[in-house]
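The structure under discussion appears below in the form of structure tokens.
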Amino acid sequence: MNDENPIVQTHLPCPDCGSSDALSMRADGSTYCFSCEKNSRAEGDAAPLRDDVNPDFASGFYEAITARSITEETARFWSYMMVRRNGSRTHCANYLDANRNVVAQKFRTRDKQFPWVSRKGFTGLYGQWLWRSGGKMVVITEGEIDAMSVSQAQNNRYPVASLPDGGGNNAVRPIKEAMPWLLQFDKIVLFFDNDEKGRATVDVVKKMLPPGKCYITYAPEGFKDANDLLKANKRKTIIDLIYEAKQYRPDGIVSGAAVIKRMKDRPDVVSYPYPDDWETLNFKALGIRLGELDTWTSGTGMGKTTIIKALQNHFFHTTELNQALIHLEEPLEDTGEDLVSYEIGKRVGLDPALKETDEYAKAQEDLFLAEDAEGNPRLQLYDAFGSLEEDNLYDIIRFMAVSGGCKVFWLDHLSILVSNMGDEGGDERKRLDAIMHNLKSLTVELNIYIGLICHLRKPPGGGKSFEEGAVPTLDDLRGSGGIKQLSNSVFAISRNQQAETATARNTSTLTVLKCRKTGRTGTADHLLFNDVSGRLELGQDPEMTSRDAFDDEGPKDY
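The opening residue of the sequence shown carries number 17 in my numbering; numbering runs sequentially from there.
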């Protein structure tokens, strides 16, 4: 049973010794001074007992907490008593209101239980009543003992407070209640336990505090909290940790010296140029770069796949980068045959007898048996004709990048990937946004290049169609604004399939719709498809072509 005459007020001035806060008053009006140790009996003019005092409040005495290196002076300052409860000595933290009246008590038993009396009577943080509102800095700890430890390290002169109910989500309510008081300080230092729970509590509290005010510190390795440091006689370490606390910044915000360091440490970004005779495209876009995603687009039959395979052949011969070829619109055998045809400069599809030649066999070996220094194939083809699940695509890209050493990825094409998902994935536009975001993230995560092929939406009626040479715009990309927003560069291919001359019909125009690297856009090069070799050659503006390089018997030699 609790003492029948509990302390109901503390930190009162003593009329006998002049102490400003050492006097405590009991429920019957009697007093005791912890400074001059004088007891005074209750008199008729004694201060009346508050009507709302909880009769279950315990009274006790102050003494040094030797096991915790807490002095009697600190315990008294913080109203942290020793009491007799249920037949044993128990720690008791008195919780006071702004008028320094005891409104709640929290006990700490030997088996680390923390029963309360009148928990609802207290709002805010433990120790909040000790300090004037406002100032340069306040420290918040995870428990009463730690608060007293930090306070004692600073001679009980500077603001410290503690969470009443420990960490985790239990911190939310008292922080909210104390917010008007906390906002009056320039810095709010979180000095929680250096363990998993303490760091989780930091994650909860730091998001509640105003930007710029929250600072975080932890005890160094080998110590859990402020009291561990106090017991190790590391008072100076406690003070240093407080004043060296790091300002909390939301993830991703970098400023000051960190920005300069990252700029200095960043390796040079290498641009791998396009074929030499694509001079204008090289000027406008400089080439491809790891960590970027480019989109290539055109109407049907404009030569997208031919241009992509020309680039695959080009980068195979001019770089040491391994390439991953994911062509969803054609069987793997067709992809391989086209690559061999481009390599030997002969259209195998028009002359199947070429497959029996040594030239063809050698080209196969040169392309598909070529390896890097680690033994990885230089060209890695994925067999997924017409079917590939979205999640599988990301796994495949990661595997080919990490295990296969691939740095350049060609994905042909985005629209068929979305169509494979059916209606189960929800709105197509949202799915495309998600795919683009994930692909872009992979380029950064894996430091790879992705060349993505995308189709165009149907043009509005009344104008020239893409098949008649209309140049697409960014808004013509099929499906989602995320394609143009997340792509580093967007290239359009246009060709008039109905032109009067064969030369014009076989000339594709490259247009740069977007280039984040240089900002240069507009018409680039004109590429002529050689009907005999199957290769692309630098051509002329089909609108300006005065003579035809073709007739019914094939290309003429000019």
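Yeah, the Cβ is synthetic: ideal placement off N, Cα and C, and Gly gets one too.
**Request:** Excluding the 5 residues preceding and the 5 following residue 420 in the sequence, name in chain order all residues of the same chain whose CB lies nearer than 8 Å to its CB.
**Result:** 338, 340, 392, 393, 396
**Asked** Taking just the CA atoms, how far does residue 213 sit from residue 465?
**Response** 41 Å
**Prompt:** Do the segment 498 to 516 and the segment 302 to 318 meet, that is, are 3 or more Cβ pairs less than 8 Å apart?
**Reply:** yes
**Item:** residue 28 - partner residues in DSSP beta bridges
**Value:** 39
**Message:** Could you give the first and the last residue of the continuous alpha helix (DSSP H) run that contains residue 328?
**Reply:** 320 to 334
**Item:** Within 8 Å, strictly: CB atoms of residue 309 and residue 463
**Value:** no
**Nearest-angstrom Cβ-Cβ length linking residue 188 and residue 155, presumed shorter than 8 Å** = Going by Cβ atoms, the distance from residue 188 to residue 155 rounds to 19 Å, so no, they are not a contact pair.
**Message:** For residue 219 and residue 552, I'd like the C-alpha separation in whole angstroms.
**Reply:** 57 Å
**Request:** Starting from residue 278, trace the alpha helix (DSSP H) both ways and give me its first and last residue.
**Result:** 273 to 281
**Request:** Scan the segment 163 to 189 and note each continuous beta strand (DSSP E) run of 3 residues or more that stays entirely inside, going in chain order.
**Result:** 176 to 178
**Asked** Where does the unbroken alpha helix (DSSP H) through residue 447 begin, and where does it stop?
**Response** 444 to 462
**Item:** the segment 224 to 232 in contact with the segment 191 to 199 per 3-pair CB rule at 8 Å
**Value:** yes
**Message:** Can you give me the C-alpha to C-alpha distance between residue 539 and residue 527, rounded to a whole angstrom?
**Reply:** 4 Å
**Message:** In this structure, how does DSSP classify residue 65 when only helix, strand and coil are distinguished?
**Reply:** Low confidence applies to residue 65: its pLDDT is 37, below 50, so where it sits in the model is not reliable, and the reading given next is rough at best. Note: residue 65 maps to coil in three-state DSSP.
**Asked** When the distance is taken between beta carbons, is residue 555 closer than 8 Å to residue 523?
**Response** yes
**Request:** Please specify which runs of the alpha helix (DSSP H), each continuous and at least 4 residues long, are wholly inside the segment 186 to 271, giving them in chain order.
**Result:** 188 to 198, 212 to 222, 242 to 247, 251 to 259
**Asked** CA-CA distance, residue 231 and residue 470?
**Response** 47 Å
**Prompt:** Just how far apart, CA to CA, sit residue 364 and residue 399?
**Reply:** 21 Å
**Prompt:** So, is residue 236 buried or exposed, given that buried needs 16 or more other C-beta atoms within 10 angstroms?
**Reply:** exposed
**Request:** Run through the segment 340 to 397 for me and flag every whole beta strand (DSSP E) of 3 or more residues, listed as ranges in chain order.
**Result:** 395 to 397
**Asked** Cβ-heavy atom distance between residue 560 and the ligand COA below 7 Å?
**Response** No copy of the ligand COA occurs in the structure displayed, which carries no ligand at all.
**Message:** I want to see whether chain B comes within less than 8 Å of residue 254, judged by CB atoms only; does it?
**Reply:** Given the protein chain composition of this structure (a single chain), no chain B is represented.
**Request:** Spatial neighbours of residue 302 within its chain, please: CB distance less than 8 Å, with the 5 preceding and 5 following residues excluded, ordered by chain position.
**Result:** 287, 289, 533, 534
**Neighbourhood of residue 263 by C-beta distance below 6 Å, restricted to the same chain and skipping five residues each side** = 231
**Message:** Taking the beta carbon of residue 99 as the centre, do at least 16 other beta carbons fall within 10 Å, making it buried, or is it exposed?
**Reply:** buried
**Prompt:** What does residue 554 pair with, by DSSP beta-bridge criteria?
**Reply:** 543
**Request:** Determine the burial state of residue 447: buried for a count of at least 16 other Cβ atoms within 10 Å of its Cβ, exposed for fewer.
**Result:** buried
**Message:** Quick check for students: name the residue ranges of the beta strand (DSSP E) that lie wholly in the segment 108 to 143, counting only runs of 3 or more.
**Reply:** 118 to 124
**Prompt:** Which residue comes first and which comes last in the alpha helix (DSSP H) that contains residue 523?
**Reply:** It is not in any alpha helix (DSSP H) - residue 523 instead sits in the beta strand (DSSP E) that spans 523 to 531.
**Asked** What are the boundary residues of the alpha helix (DSSP H) that includes residue 502?
**Response** 497 to 502
**Message:** Just to confirm, is the Cβ distance from residue 145 to residue 112 under 8 Å?
**Reply:** yes
**Request:** Using three-state DSSP, classify residue 483 as helix, strand or coil.
**Result:** coil
**Prompt:** Do you know whose CA, among 127, 143, 128, 123, lies nearest residue 134's CA?
**Reply:** 123
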